[in-house]
DNA sequence: TAATATCCCATGATATTCCATTTATAGAAT
DNA sequence: ATTCTATAAATGGAATATCATGGGATATTA
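Residue numbers (my numbering), protein chains in the order written: chain A, 329 to 486; chain B, 329 to 486.
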């Protein structure tokens, strides 16, 4: 299972093109390496990205609810209508739509940050701030994570 | 399960390459011997290293959180974006990213120190200092342990 | 026919691969 | 123990490949 990890900061050229880090392209599932899907991150001024397979799975799980409640209809509409699929050019670059660029405040450089099954694109300084914030919170709650891990592995006695 | 133990100091050549000790490479789990994953150690000026399998487990446990919660997003971003996966060249060497080299203060030589399930990479002198500190703490604790044992047996006069 | 997007190729920087040499390690023989 | 020998590991450098980036040319479309 390939994961998106690390962070890379790439230049947005004057035509609006950015290279998606080769590592991230390589981490896309087989058969889904031609494009990525992106949308506005919730509660963060960043662009959330994943592969098309991931979206298909999310959609399947939404349709699993039968019948769909009004809420679920609204939710899936809001989610799916906000998605953009971008295919790479021959050199692994994409052109991020203006709306998303503005949402994330990206101009000259874009920071690609791994999140496991997804990754995000940030304006570099904004990312640094977010990272500091997030790290503080992680330090606070690290104990909780350790507790869960120990429970999964260690508690398996019987 | 093989463990990372002992310590080795290797040279960083002018291209930034360092050999990962053969013993450490051999201790990587089967199927995960092509690379290691590293990140800034918390509360220490050192690089923390483990195998990719270890990371996949951590990521799985992260996904255990509510996928829509702010917490889950912050955790994954903070942890995963800070990771770097490095694959070995034909001779078992890696190139440590500049940012991590600077964080640990490594220039000419790097000390690999086993920690059991993980290992660390230090600037040699910094490691020596850390080791002295750690040994002092062990002494303290051992004294405390002896004290307890004596207290438990003590009344019985063996 | 502007304006925009796509394709193609060039380039410098960096990373990877490959091979040669040196150094360290382990075991056998003295 | 000490020396010798065979093997493995670490180190160095040159050749090669990959990647991010830039720009021109071609296609699309409004």
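All C-beta atoms in this analysis are idealised placements derived from N, C-alpha and C, irrespective of residue type, glycine included.
All figures in this text were calculated on a predicted structure; none of them were measured in a lab.
Note to self: Any beta carbon from chain B within less than 8 Å of residue 354 (chain A)'s own beta carbon?
What the structure shows: As a first step, residue 354 (chain A) is located in the first chain; it is residue number 26 there, counting from the start. For residue 354 (chain A), the answer is no, since every Cβ of chain B falls outside 8 Å of its Cβ.
Check: Between residue 432 (chain B) and residue 372 (chain B), what straight-line distance do the alpha-carbon atoms span, to the nearest angstrom?
Finding: Translated into the one-based positions of the second chain, residue 432 (chain B) becomes position 104. Translated into the one-based positions of the second chain, residue 372 (chain B) becomes position 44. Here the alpha carbons of residue 372 (chain B) and residue 432 (chain B) stand approximately 8 Å from one another.
Next item on the list: Measure from the alpha carbon of residue 408 (chain B) to the alpha carbon of each residue in B:358, B:367 and B:361, then state which is nearest.
Entry: In the second chain, the residue the question calls residue 408 (chain B) occupies position 80. The option with the nearest alpha carbon to residue 408 (chain B) is B:367.
Next item on the list: Check the DSSP bridge columns for residue 347 (chain A) and list the partner residues they point to.
Entry: Numbered from its first residue, the first chain carries residue 347 (chain A) at position 19. DSSP lists A:421 as partners of residue 347 (chain A).
Note to self: Can you give me the C-alpha to C-alpha distance between residue 350 (chain A) and residue 463 (chain B), rounded to a whole angstrom?
What the structure shows: If you number the first chain from 1, residue 350 (chain A) lands on position 22. If you number the second chain from 1, residue 463 (chain B) lands on position 135. So the alpha carbons of these two residues sit roughly 44 Å apart.
Next item on the list: With 8 Å as the threshold, decide whether the Cβ of residue 335 (chain A) is near any Cβ in chain B.
Entry: Counting from 1 along the first chain, the entry for residue 335 (chain A) is found at position 7. Answer yes: the Cβ-Cβ gap between residue 335 (chain A) and chain B drops below 8 Å somewhere.
Next item on the list: My understanding is that residue 449 (chain A) touches residue 440 (chain A), with C-beta atoms under 8 Å, so please give their C-beta distance in whole angstroms.
Entry: The count along the first chain starts at 1 and reaches residue 449 (chain A) at position 121. The count along the first chain starts at 1 and reaches residue 440 (chain A) at position 112. Indeed, because the Cβ distance is near 6 Å, the residues count as touching under 8 Å.
Margin query: I'd like to know whether the C-beta of residue 366 (chain A) is nearer than 8 Å to at least one C-beta of chain B.
Written below: On the first chain, residue 366 (chain A) is found 38 positions in, with the first residue counted as 1. Residue 366 (chain A) does not count as touching chain B.
Note to self: Pop quiz: residue 444 (chain B) and residue 332 (chain B) are said to be a contact at Cβ under 8 Å. What is the actual Cβ separation, rounded to whole angstroms?
What the structure shows: As a working note, residue 444 (chain B) is residue 116 in the second chain. As a working note, residue 332 (chain B) is residue 4 in the second chain. Contact flag correct, Cβ pair sits at about 6 Å.
Note to self: To the nearest angstrom, how far is the alpha carbon of residue 341 (chain A) from that of residue 425 (chain A)?
What the structure shows: Here the question's residue 341 (chain A) lines up with position 13 in the first chain. Here the question's residue 425 (chain A) lines up with position 97 in the first chain. Computed Cα separation, rounded: 14 Å.
Note to self: Using 8 Å for Cβ pairs, my map puts residue 380 (chain A) next to residue 360 (chain A). What's the rounded Cβ distance?
What the structure shows: As a first step, residue 380 (chain A) is located in the first chain; it is residue number 52 there, counting from the start. As a first step, residue 360 (chain A) is located in the first chain; it is residue number 32 there, counting from the start. Taking 8 Å as the upper bound for CB-CB distance, residue 380 (chain A) and residue 360 (chain A) are in contact here, some 5 Å apart.
Notebook entry, point to check: For residue 371 (chain A), which three-state DSSP category applies?
Noted result: Within the first chain, numbered from 1, the residue matching residue 371 (chain A) stands at position 43. Assigned with DSSP and collapsed to three states, residue 371 (chain A) falls in coil, not helix or strand.
Check: Sorted by chain position, which residues of the same chain lie with C-beta nearer than 7 Å to residue 334 (chain A)'s C-beta, five sequence neighbours on each side aside?
Finding: For the purposes of this step, residue 334 (chain A) is taken as residue 6 along the first chain, with counting starting at 1. Closer than 7 Å at the Cβ level, and outside the excluded window around residue 334 (chain A), lie 351 and 442.
Notebook entry, point to check: Start and end of the beta strand (DSSP E) containing residue 441 (chain A)?
Noted result: Here residue 441 (chain A) corresponds to residue number 113 of the first chain, with the count starting at 1. Counted as a single uninterrupted DSSP element, the beta strand (DSSP E) harbouring residue 441 (chain A) occupies residues 437–442.
Item checked: Whole-number beta carbon distance between residue 413 (chain B) and residue 370 (chain B), since they are thought to touch under 8 Å -> Against the second chain, residue 370 (chain B) aligns to sequence position 42. Against the second chain, residue 413 (chain B) aligns to sequence position 85. The beta carbons of residue 370 (chain B) and residue 413 (chain B) sit about 19 Å from each other, so the pair does not count as a contact at 8 Å.
Checklist line | Which listed residue (B:403, B:447, B:466 and B:345) has its alpha carbon closest to that of residue 387 (chain B) | finding: Working through the second chain from its first residue, we reach residue 387 (chain B) at position 59. The shortest C-alpha separation from residue 387 (chain B) is found at B:403.
Checklist line | Straight-line Cα distance separating residue 429 (chain B) from residue 458 (chain B) | finding: Here residue 458 (chain B) is taken as the residue at index 130 of the second chain, counted from 1. Here residue 429 (chain B) is taken as the residue at index 101 of the second chain, counted from 1. Taking the Cα positions, residue 458 (chain B) is about 17 Å away from residue 429 (chain B).
Next item on the list: Compute the beta-carbon to beta-carbon distance between residue 419 (chain A) and residue 347 (chain A), rounded to the nearest angstrom, for a pair I have assumed lies under 8 Å.
Entry: Stepping through the first chain from its first residue, residue 419 (chain A) is reached at position 91. Stepping through the first chain from its first residue, residue 347 (chain A) is reached at position 19. About 7 Å separates the two Cβ atoms, so the contact holds.
Check: Interface residues of chain A around residue 398 (chain B) at Cβ under 8 Å?
Finding: For the purposes of this step, residue 398 (chain B) is identified with residue 70 of the second chain, where counting begins at 1. Ordered by position in chain A, the residues that pass the 8 Å Cβ test against residue 398 (chain B) are 371.
Next item on the list: Quick one: measure Cβ to Cβ for residue 447 (chain B) and residue 362 (chain B), integer angstroms, because I've assumed they're closer than 8 Å.
Entry: The residue you call residue 447 (chain B) lines up with position 119 of the second chain. The residue you call residue 362 (chain B) lines up with position 34 of the second chain. About 17 Å separates the Cβ atoms of residue 447 (chain B) and residue 362 (chain B), ruling out a contact at the 8 Å cut-off.
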